[in-house]
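S.K.:
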Amino acid sequence: MDLQVRVSAPATGTGLPVILLSHGHGGSNNLSSLNGYAPIANLWAAAGFVVIQPTHLSSRTLSRQLADTPGAPVFWRSRAEDMSHILDRLDEIEKTVPQLAGRIDHDKIAVAGHSLGGHTASLLLGARSADPDTGEEVNLLEPRIKVGVLLAAPGRGGDILNGPMAEMVPFFHTTDFSTMATPTLVVAGDQDDSKHFTDVGPDWHTDPYRLAPAPKTLLTLFGAGHLLGGISGYDAAETTDESPERVAALARLTSAYLHTQFQPDDHAWQAACEALTTGAAPAGRVEFK
């Protein structure tokens, strides 16, 4: 099956960095595909990034066609491999998209992922997991990716995965963040309680920060649930904490983080962190290591 992608880019500018965006599994038939995540993808493009979104084989839009395919329904391994395939053909993508040729900086590649997409991104950033069928440790580190953003990503495995859906994701049980050395911003909502996987509470989503080596940054968004204000779609019923203001703040912060990672003399991230904590009701807090 062909890998389909959506590309969003600024109308002007050169030397543009790239964000590979991995969608989640989600409850919607359409948002778990290249058609989802417009609220965050559009804001990233407006901030100067080329955003490339594949439809992974796990997409609900493909579930009937691929129900009996090895790896179904989650296709955890091929999801990460999709991103490497995109980078292999980035020249072709750049030349094919109208008015994009010659405008991408191929040395400035980031990966971002939400929920299951956060697990996908973590593998590309160096985390490892054992293949449930063979027990083999799987290393999908993508060295062309220089930095990552994990949005409401799953945390550690083992005995704490005691929720009713934990058996659906056996590869979560063996996730090892100790090998995830690539610089990463971990974003977690303090109301994101994934009881279908674990009874640990919202702190579970901070594990990629706590259990991975430095340099890592943790952004905790106050009042945010699993959709972080509604990043997966403009009218997504699955959003329990709809807040365009939160999505806009998330886009500003993640954009600033990535710009500073790619250009260390750019002080956008420092300014964004200072703005985050000002005012009567701060939107969140930032921790570093």
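Residue numbers (the working numbering): 900 to 1188. Ideal Cβ positions, reconstructed from N, Cα and C, are used throughout, including at glycine.
Which residues in the same chain as D1098 place their Cβ atom closer than 8 Å to its Cβ, once the five residues preceding and following it in sequence are excluded?
M.R.: Position 199 of the sequence shown, counted from the start, is the residue given in the question as residue 1098. The answer, listed in chain order, is I1059, N1061, G1062.
S.K.: Assuming contact is defined by CB atoms lying nearer than 7 Å, are V906 and V1048 in contact in what I supplied?
M.R.: Translated into the one-based positions of the sequence shown, residue 906 becomes position 7. Translated into the one-based positions of the sequence shown, residue 1048 becomes position 149. For V906 and V1048, no; Cβs fall outside 7 Å.
S.K.: Should E1041 be labelled buried (16 or more other beta-carbon atoms within 10 Å of its own) or exposed?
M.R.: Position 142 of the sequence shown, counted from the start, is the residue given in the question as residue 1041. E1041 is buried by the Cβ-count criterion.
S.K.: Could you tell me which residues DSSP puts in a beta bridge with R1184?
M.R.: Reading the sequence shown from its first residue, position 285 is the one you call residue 1184. Paired residues: T1119.
S.K.: Quick one: which unbroken beta strand (DSSP E) runs of 3-plus residues sit fully inside the stretch 1074-1146? Chain order, please.
M.R.: Counting only runs of 3 or more, we get 1083-1088, 1115-1120.
S.K.: Using C-beta distances below 6 Å, list every residue in its chain close to P1053, excluding the 5 sequence neighbours before and after it, in chain order.
M.R.: Locating residue 1053 in the sequence shown gives position 154, where the first residue counts as 1. Result list for P1053: H1018, F1071, in chain order.
S.K.: What are the boundary residues of the beta strand (DSSP E) that includes N941?
M.R.: To locate residue 941, count along the sequence shown from 1; it is residue 42. That residue, N941, is in no beta strand (DSSP E); its alpha helix (DSSP H) goes 937-945.
S.K.: When the Cα of T1073 is compared with those of A1065, R1027, V1086, K1115, which residue comes out closest?
M.R.: Locating residue 1073 in the sequence shown gives position 174, where the first residue counts as 1. Ranking the options by Cα distance to T1073, first place goes to R1027.
S.K.: Using 7 Å as the threshold, is the C-beta distance between H1095 and M1064 below it?
M.R.: One-based indexing of the sequence shown puts residue 1095 at position 196. One-based indexing of the sequence shown puts residue 1064 at position 165. Closer than 7 Å, so yes.
S.K.: Inspect the beta-carbon positions of V1146 and P938 and report whether they are closer than 7 Å.
M.R.: As a position in the sequence shown, residue 1146 is number 247, starting the count at 1. As a position in the sequence shown, residue 938 is number 39, starting the count at 1. Cβ atoms of V1146 and P938: closer than 7 Å.
S.K.: In its own chain, which residues sit with a C-beta less than 6 Å from the C-beta of E993, not counting the 5 before and 5 after it?
M.R.: As a working mapping, residue 993 is identified with position 94 in the sequence shown. So the qualifying residues of the chain are L999, A1000, I1003.
S.K.: Taking 7 Å as the limit between beta carbons, can you name the residues of its chain near A1148, skipping five residues before and five after?
M.R.: Start at 1 with the first residue of the sequence shown, and residue 1148 comes out as number 249. Once the five neighbours on either side are set aside, the close Cβ partners of A1148 are A1182.
S.K.: Q1192 bridges to which residues according to DSSP?
M.R.: Shown here, the chain extends from 900 to 1188; a query on residue 1192 therefore has no answer.
S.K.: On the DSSP bridge list, what partners appear for G1047?
M.R.: As a first step, residue 1047 is located in the sequence shown; it is residue number 148 there, counting from the start. Paired residue(s): V1010, T1083.
S.K.: Grab me the residues of D1022's own chain with a C-beta within less than 6 Å of its C-beta, minus the 5 sequence neighbours each way, in chain order.
M.R.: The residue you call residue 1022 lines up with position 123 of the sequence shown. Going by the sequence as given, residue 1022 is Leu instead of Asp. Only A979, L1039 meet the Cβ criterion.
S.K.: Among the candidates L1157, D1091, A1150, M1079, whose CA atom is the shortest distance from the CA of V1037?
M.R.: Within the sequence shown, the letter at position 138 stands for residue 1037. If we check each option's Cα against that of V1037, M1079 comes out closest.
S.K.: Counting C-beta neighbours from all protein chains within 10 Å, is the total for A1020 16 or more, i.e. buried, or is it exposed?
M.R.: Taking the sequence shown and counting its residues from 1, the one referred to as residue 1020 is at position 121. Buried, since its Cβ has 16 or more Cβ neighbours within 10 Å.
S.K.: For R1243, which residues of its own chain have a beta-carbon under 6 Å away from its beta-carbon, when the five flanking residues on both sides are left out?
M.R.: Residue 1243 lies beyond the range of the chain shown here (900 to 1188); nothing can be said about it.
S.K.: Is the beta carbon of L1050 sitting closer than 7 Å to the one on H1013?
M.R.: To locate residue 1050, count along the sequence shown from 1; it is residue 151. To locate residue 1013, count along the sequence shown from 1; it is residue 114. Yes. Within cutoff.
S.K.: Measure the C-alpha to C-alpha separation of P1031 and F1076 and round it to an integer number of angstroms.
M.R.: If you number the sequence shown from 1, residue 1031 lands on position 132. If you number the sequence shown from 1, residue 1076 lands on position 177. Cα to Cα, P1031 sits roughly 17 Å from F1076.
S.K.: Exposed or buried, what is H1166 when buried is set at 16 or more other beta-carbons lying within 10 Å of its beta-carbon?
M.R.: The residue given as residue 1166 occupies position 267 in the sequence shown. Label assigned to H1166: exposed.
S.K.: When you compare each of D1106, P1107, D1091, Y1108 to G1100 by their alpha carbons, which one comes out closest?
M.R.: For the purposes of this step, residue 1100 is taken as the residue at position 201 of the sequence shown. Here the closest residue by C-alpha is D1091.
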